[in-house]
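K.L.:
Protein sequence lines correspond, in order, to chains A and B. In this note's numbering, each residue's number is its place in the first sequence (first place is 1) plus 834. In this note's numbering, each residue's number is its place in the second sequence (first place is 1) plus 117.
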Amino acid sequence: AQSVAQPEDQVNVAEGNPLTVKCTYSVSGNPYLFWYVQYPNRGLQFLLKYITGDNLVKGSYGFEAEFNKSQTSFHLKKPSALVSDSALYFCAVRAVDTGKLIFGQGTTLQVKP
Amino acid sequence: DAGITQSPRHKVTETGTPVTLRCHQTENHRYMYWYRQDPGHGLRLIHYSYGVKDTDKGEVSDGYSVSRSKTEDFLLTLESATSSQTSVYFCAIRKETAGELFFGEGSRLTVL
Chain A
835 AQSVAQPEDQ VNVAEGNPLT VKCTYSVSGN PYLFWYVQYP NRGLQFLLKY ITGDNLVKGS
895 YGFEAEFNKS QTSFHLKKPS ALVSDSALYF CAVRAVDTGK LIFGQGTTLQ VKP
Chain B
118 DAGITQSPRH KVTETGTPVT LRCHQTENHR YMYWYRQDPG HGLRLIHYSY GVKDTDKGEV
178 SDGYSVSRSK TEDFLLTLES ATSSQTSVYF CAIRKETAGE LFFGEGSRLT VL
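Here is the structure:
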C-alpha cells in the first residue's frame, strides 16, 4: 500500500536559521512526490515536485527538497527561514498506477522572530 | 489562480439533512477531486472524476456520492449528514500537463 509519513507534528525554528520538514514515503514503482503549503483558512498551494532527474528540486518561495531513493525520503528545506513561512506543510505521493495523490498528516512549521 | 470556486464556503446543518457542495472550474480540466481535511489525518480522498459521468471512489467514500454532468462542475453530496462528516472539504483539479493538484479555498461544513 502506498503511504506518506511526516514524523513531526510541529517544527520550530528561529528566523534566519535553516529549516527542514521531513517526509518519507512508500510506493510501488517510481514515485511522483510533492510538497504543498497551507496558510490558515486557505486551500493548499503547490510548492514543488519531483518526477525524475536531479535529486535536489527547487520550488516556490525559496524552498527546495531533496529526493533520496535509498532512504525513501523527500525532505523539504530552506536555507533561511522567514516568519512568513509559518504554515502547515503537506507532503504527498502520487501512485503511478492509480494517479491518486496520497497526503501525509501535515507538519506545522513555526518560525519565531 | 487555478480558477476553482467552491460553494458554499461555510455551512451549518443538522444531522440527517442532505447537503451538496459544489466545485466549479473555469479551465475544463478532466480530473477533479474531493478531499476532506481533518486534524491528525491530513487530506483524505473522498471521490474523484476523470471526465463527465466518470467517477470513482477514494479512501473515505462511505456516506458520500458525487456527480459530474458537465466538465466544469463536480458535486459532492451527503445524502444524510452525520456529525462525523463535520470537516473542511477541498476540491482540486489536475492539469493534464502537470502532475500536481490545484485546490479550491475549501468548504467548512458543521453537522450538529
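The beta-carbon is built from N, C-alpha and C at its ideal position, and this holds for glycine as well.
To which residues of the same chain is THR130(B) closer than 8 Å at the C-beta, ignoring the five residues directly before and after it?
P.N.:
Position 13 of the second sequence, counted from the first residue, corresponds to residue 130(B). Closer than 8 Å at the Cβ level, and outside the excluded window around THR130(B), lie VAL136, ALA198, LEU226, THR227, VAL228 and LEU229.
K.L.:
List the residues of chain B whose Cβ lies closer than 8 Å to the Cβ of TYR866(A), in chain order.
P.N.:
Position 32 of the first sequence, counting from 1, holds the residue named residue 866(A). Ordered by position in chain B, the residues that pass the 8 Å Cβ test against TYR866(A) are GLY216.
K.L.:
I want to verify the contact list: residues of chain B whose CB lies under 7 Å from the CB of LEU935(A), in sequence order.
P.N.:
Counted from its first residue, the first sequence places residue 935(A) at position 101. Ordered by position in chain B, the residues that pass the 7 Å Cβ test against LEU935(A) are LEU218.
K.L.:
Applying the 10 Å Cβ sphere with the 16-neighbour rule, what's the burial state of ALA848(A)?
P.N.:
Here residue 848(A) is taken as the residue at index 14 of the first sequence, counted from 1. When all chains shown are included, ALA848(A) counts as exposed.
K.L.:
When burial is assigned at 16 or more other CB atoms within 10 Å of the CB, is GLN844(A) buried or exposed?
P.N.:
For the purposes of this step, residue 844(A) is identified with residue 10 of the first sequence, where counting begins at 1. The residue in question, GLN844(A), is exposed, as its Cβ has fewer than 16 Cβ neighbours within 10 Å.
K.L.:
Among VAL838(A), LEU922(A) and VAL917(A), which residue has its Cα nearest to the Cα of TYR866(A)?
P.N.:
Counting from 1 along the first sequence, the entry for residue 866(A) is found at position 32. Among VAL838(A), LEU922(A) and VAL917(A), the Cα nearest to that of TYR866(A) is on VAL838(A).
K.L.:
Against chain B, does GLN836(A) count as a neighbour if the rule is that its beta carbon must be under 7 Å from one of theirs?
P.N.:
Looking up residue 836(A) in the first sequence gives position 2. So no, GLN836(A) is outside the interface.
K.L.:
What residue range is occupied by the uninterrupted beta strand (DSSP E) comprising VAL927(A)?
P.N.:
The residue given as residue 927(A) occupies position 93 in the first sequence. From DSSP, the beta strand (DSSP E) with VAL927(A) extends over 921–928.
K.L.:
Counting pairs of beta carbons, one from the segment 212–223 of chain B and one from the segment 173–191 of chain B, are three or more of them closer than 8 Å?
P.N.:
Output reads no: the segment 173–191 of chain B does not touch the segment 212–223 of chain B.
K.L.:
Given a cut-off of 7 Å, decide if GLY157(B) and GLY938(A) are closer than it, judged by their beta-carbon atoms.
P.N.:
On the first sequence, position 104 is the one that residue 938(A) refers to. On the second sequence, position 40 is the one that residue 157(B) refers to. In this structure, GLY157(B) does not lie closer than 7 Å to GLY938(A) by Cβ.
K.L.:
Quick one: which chain B residues come within Cβ less than 9 Å of PHE901(A)?
P.N.:
As a working mapping, residue 901(A) is identified with position 67 in the first sequence. The contacting residues do not exist; PHE901(A) stays about 14 Å from chain B at best.
K.L.:
Between PHE897(A) and chain B, is there a C-beta pair that is closer than 7 Å?
P.N.:
For this step, residue 897(A) is matched to residue 63 along the first sequence. Output row for PHE897(A): interface = no.
K.L.:
Applying the criterion that 16 or more other CB atoms from any shown protein chain within 10 Å of the CB defines a buried residue, is SER860(A) buried or exposed?
P.N.:
Position 26 of the first sequence, counted from the first residue, corresponds to residue 860(A). It counts as exposed.
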